[in-house]
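Mapping of the sequence shown onto my numbering: residues -19 to 277, in sequence order. Here a beta-carbon is modelled for each residue, glycine too, at the ideal position from N, C-alpha and C.
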Amino acid sequence: MEDVTNEEVFEMIDSRTGVLNANDWKSQLRRSATTQALKKTTTNAEIILCNDESLKGLVQYDAFEKVTKLKRLPYWRSKGDTNYYWADIDTTHVISHIDKLYNVQFSRDLIDTVIEKEAYQNRFHPIKSMIESKSWDGIKRIETLFIDYLGAEDNHYNREVTKKWMMGAVARIYQPGIKYDSMIILYGGQGVGKSTAVSKLGGHWYNQSIKTFKGDEVYKKLQGSWICEIEELSAFQKSTIEDIKGFISAIVDIYRASYGKRTERHPRQCVFVGTTNNYEFLKDQTGNRRFFPYYDR
């Protein structure tokens, strides 16, 4: 048997695992039989996007917000740029980059399709990642969350309400659409920190833009939101009790996203919290079981 060099061994391993080294991947590109020019095919776009040094490992799919994001900053973005959402200008730069280096110009639709596919193969869930990255130190904090930060009375009711609400928030991350039709209502004077506490809890996924419970637009606003605050219960004033109950109780929202091509089902991944300084905020006895009043000092 002939001796085999280490380089040849690595080449054989690469060929079996589908890994393309720096020289091989370009040979996989499909060319015109007559001109040897690269064909404007999806396959060629995928090969380039997955192997070009500036483009590979560039995109990922946020399974919570359901959007394509950057995994790292490309050379055309400014250093320190904190906007990791994929934008139309990024697609333009990819098209230009490929045209300059490979002398082939793919259509925008084709590049967008390939980027979407590549991103989806690199799915991640930011809230799951955040939760699972933390190690519990053994100290119980959930039950006394609003007691500690809003100065609410430390009693059994307040502890149980907070615990149930937080359990609902986490459950909807791990099982989107799970039935949870309760809403905590933080009642207290101006300036006690109700909205501040809620916004810090929700972080990047906090939403305070819900002003009505009607129309497709309100459902679209829920996308990418985890903790949704109804400030001063403003949406309550513009809705019937049937609208309120129906909205809070829904487990799936059905609509076509602003830039989507089809109507889709969107299982709920959020929970709601209301804030108010109006003591008499409950509108109807039949729907009050959905609301947990929480009185701050």
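Among the options, nearest to residue i - alpha-carbon criterion
i    : options                : result
G37  : V94, A17, H136, L181   : V94
A237 : K97, I158, T256, E197  : E197
L298 : H73, P273, D233, F44   : Given a span of -19 to 277 for the chain in the structure shown, any question on residue 298 remains unanswerable.
Y186 : G171, Y199, G204, G195 : G204
E211 : T176, Y199, S229       : T176
W56  : K49, H77, M146, A151   : H77
Y199 : G183, V84, I231        : I231
T124 : Y100, L50, E140, G171  : E140
L50  : K59, V39, G60          : V39
Y154 : W116, M110, W5, S115   : M110
T255 : G240, K241, T243, F271 : F271
Neighbourhood of residue i by C-beta, 7 Å cutoff - its chain only, sequence neighbours within 5 removed
i    : result
F193 : A215, S219, D223, I224, F227
I122 : T142, K143, M146
S34  : P54, Y55, H77
A99  : V39, Q40, Y41, T48
K201 : N187, S189, I190
Inter-residue Cα distance where the pair is residue i and residue j
i    : j    : result
K174 : W206 : 17 Å
I165 : V47  : 31 Å
G169 : I75  : 55 Å
E133 : K143 : 15 Å
Y275 : Q217 : 20 Å
Y82  : I69  : 20 Å
E209 : V178 : 7 Å
L181 : I221 : 28 Å
Y235 : I158 : 19 Å
N268 : F86  : 57 Å
Y129 : D161 : 25 Å
G195 : G240 : 17 Å
Same chain, Cβ closer than 6 Å to residue i, neighbours up to 5 away in sequence not counted
i    : result
V251 : G148, A149
A43  : R103, H105
V253 : I164, V178, E209
Close beta carbons around residue i, own chain, < 8 Å, minus the five adjacent residues each side
i   : result
T22 : L90, T93, V94
A17 : R11, N83, V84
Cβ contact (3+ pairs, closer than 8 Å) linking the segment 24 to 33 and the segment 5 to 16: yes
Runs of alpha helix (DSSP H) wholly within the segment 124 to 150 (minimum 4 residues, chain order): 125 to 130
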